[in-house]
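Using my numbering, the first residue of the sequence shown is number 694, and each one after it goes up by one.
To start, the structure under review is shown below, and the notes come after it.
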Amino acid sequence: MPPIPDRVAARLAWTRQVLDDASLTLQPASADASFRSYWRTAHGGQSWIVMDSPPQREDPRPWLAIGARLAAAGLHVPAVQAHDLQQGFLLIEDLGSRLYLAELNGANADRLYGDAMDALLAMQTRVPSDDLPPFDHAVLVSGLEVMPEWFLQRHLGHAPACGEWDVLEAAFGVIVRNALAQPRRFVHRDFHSRNLLVVDENNPGIIDFQGALHGPLTYDLASLLRDAYIAWPRERVEGWVESYRRRLLGAGVIDASVDAAHFLRWFDLTGLHRHVRVLGQFYRLWYRDGKPGYLRDVPQVYRYVIEVAGSYPELADFAALLERHVQGRDLTQVAA
């Protein structure tokens, strides 16, 4: 079909054509931090999702390619019914709306996280990733550098002095070396409670996987268990971390030389990389992209950074630097 200038009209017309139903409508299902959006419709007694991925801004081909890898490994990702890559429209399986974030509670967390860790182990043992973009030194460093630019300088209005840059660079070196020392596996990159859904069969349903990389073994585990959107007591998190280490041992991914303390350090500092990056990224989404929805989650991310960095002597100066410039400010309030 020829493209229609108005994207809203084009999206609806394409969906009606694919499902052969001129009366159906589209309702917002969800949006994410990218230019991608999701729309729900019903036809023939079945619910469907239309993914709108404007090709000039969000190429849908990586989503299709990574989704095919995950499905081939037995993981539950949305099945694709139809797609138009030129326009950037995909008709996909509706996994429902029961996000882990809303479903998790103290009573079911062991079961739901157990399912998620089983899925993670499948990703790390069955999904080929050597040919994916590497989560290498350059990517690790560029992720960390988002924080000084958008959190310290843009949000807090503080330009670090030379001595403070020394502290930042030393901390970043510790974090990067930790990530590079780990075995390399498939990395989802956003394996957390807003991208996992409770489903009746082959739980969890997994979404938002298009940015997958070949990278550090504990990155997705840290995304899952040190989630920016839901927090658990440290002792419970460490119990889950140890249970996953034992899964990896059983699968032959690591050997007995990676003991509990060694693996926990991998996990802690890899999670710290993620949270330092997110601390900058959430403010970039506001100041650059006009998306304020993530600001409410900044305090939890900041707490993770301070707690983890403060528990390692070589990162104590880094934690103190951040605390000195935050000084009790409400991090959910944007600067002028």
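Note that beta-carbon positions come from the ideal geometry of N, C-alpha and C, so glycine has one too.
Spell out the partners DSSP gives residue i in its beta bridges.
{"i": "Val743", "result": "Trp732, Leu784"}
{"i": "Arg877", "result": "Pro909"}
{"i": "Val773", "result": "Ile785"}
{"i": "Gln1026", "result": "According to DSSP, Gln1026 bridges with nothing at all."}
{"i": "Pro721", "result": "Trp732"}
{"i": "Pro827", "result": "His907"}
{"i": "Leu889", "result": "Ile899"}
{"i": "Leu792", "result": "Leu890"}
For residue i, is the classification buried or exposed, using 16 other Cβ atoms within 10 angstroms of its Cβ as the cut-off for buried?
{"i": "His885", "result": "buried"}
{"i": "Val891", "result": "buried"}
{"i": "Asn798", "result": "exposed"}
{"i": "Ala1012", "result": "buried"}
{"i": "Val971", "result": "buried"}
{"i": "Pro696", "result": "Unreliable positioning characterises Pro696 in this predicted model, as indicated by a pLDDT of 45, which lies under 50. The coordinate reading is nonetheless provided below. Its Cβ having fewer than 16 others within 10 Å, Pro696 is exposed."}
{"i": "Ala915", "result": "buried"}
{"i": "Asn871", "result": "buried"}
{"i": "Pro841", "result": "buried"}
{"i": "Pro985", "result": "exposed"}
{"i": "Gln710", "result": "exposed"}
{"i": "Gln875", "result": "buried"}
{"i": "His966", "result": "buried"}
{"i": "Asp823", "result": "exposed"}
{"i": "Pro771", "result": "buried"}
{"i": "Asp699", "result": "exposed"}
{"i": "Gly973", "result": "buried"}
{"i": "Ala944", "result": "exposed"}
{"i": "Gly983", "result": "exposed"}
{"i": "Asp1023", "result": "exposed"}
Would you kindly check if the distance between the Cβ of residue j and the Cβ of residue i is under 8 angstroms?
{"i": "Arg754", "j": "Leu778", "result": "yes"}
{"i": "Trp732", "j": "Pro721", "result": "yes"}
{"i": "Val869", "j": "Leu833", "result": "yes"}
{"i": "Pro897", "j": "Ala812", "result": "yes"}
{"i": "Ala815", "j": "Leu889", "result": "no"}
{"i": "Arg887", "j": "Tyr976", "result": "no"}
{"i": "Tyr997", "j": "His968", "result": "yes"}
{"i": "Leu957", "j": "Val994", "result": "no"}
{"i": "Ala953", "j": "Arg938", "result": "yes"}
{"i": "His769", "j": "Leu757", "result": "no"}
{"i": "His907", "j": "Leu837", "result": "no"}
{"i": "His851", "j": "His1018", "result": "yes"}
{"i": "Asp745", "j": "Arg704", "result": "yes"}
{"i": "Pro747", "j": "Gly789", "result": "no"}
{"i": "Asp787", "j": "Ser740", "result": "yes"}
{"i": "Val860", "j": "Asp1010", "result": "yes"}
{"i": "Ala864", "j": "Leu1008", "result": "yes"}
Could you tell me which of the options sits nearest to residue i, measuring between CA atoms?
{"i": "Gln903", "options": "Phe879, Asp829, Leu918", "result": "Phe879"}
{"i": "Phe844", "options": "Val991, Asp1010, Asp713, Gly1021", "result": "Val991"}
{"i": "Leu917", "options": "His881, Leu906, Arg940, Ala949", "result": "His881"}
{"i": "Tyr806", "options": "Ala924, Phe728, Arg700, Gly836", "result": "Ala924"}
{"i": "Glu857", "options": "Gly1021, Gln1026, Val1019, Leu1015", "result": "Leu1015"}
{"i": "Glu1000", "options": "Gly964, Gln1026, Val1027", "result": "Gly964"}
{"i": "Asp714", "options": "Glu786, Pro827, Gly738", "result": "Gly738"}
{"i": "Gln1026", "options": "Thr818, Leu849, Asn801, Gln817", "result": "Leu849"}
{"i": "Arg762", "options": "Gln817, Trp959, Asp699, Ala1028", "result": "Gln817"}
{"i": "Gln749", "options": "Asn801, Arg729, Gly760, Glu796", "result": "Arg729"}
Could you spell out the range, first to last residue, of the alpha helix (DSSP H) harbouring residue i?
{"i": "Trp959", "result": "953–980"}
{"i": "Ile759", "result": "754–765"}
{"i": "Asp990", "result": "It is not in any alpha helix (DSSP H) - Asp990 carries neither H nor E in the DSSP assignment."}
{"i": "Leu1088", "result": "No answer is possible for residue 1088: the residues shown for the chain start at 694 and end at 1029."}
{"i": "Trp707", "result": "700–712"}
{"i": "Ala809", "result": "802–819"}
{"i": "Arg939", "result": "927–944"}
{"i": "Leu768", "result": "That residue, Leu768, is in no alpha helix (DSSP H); it is neither H nor E in DSSP."}
{"i": "Ala1012", "result": "1009–1019"}
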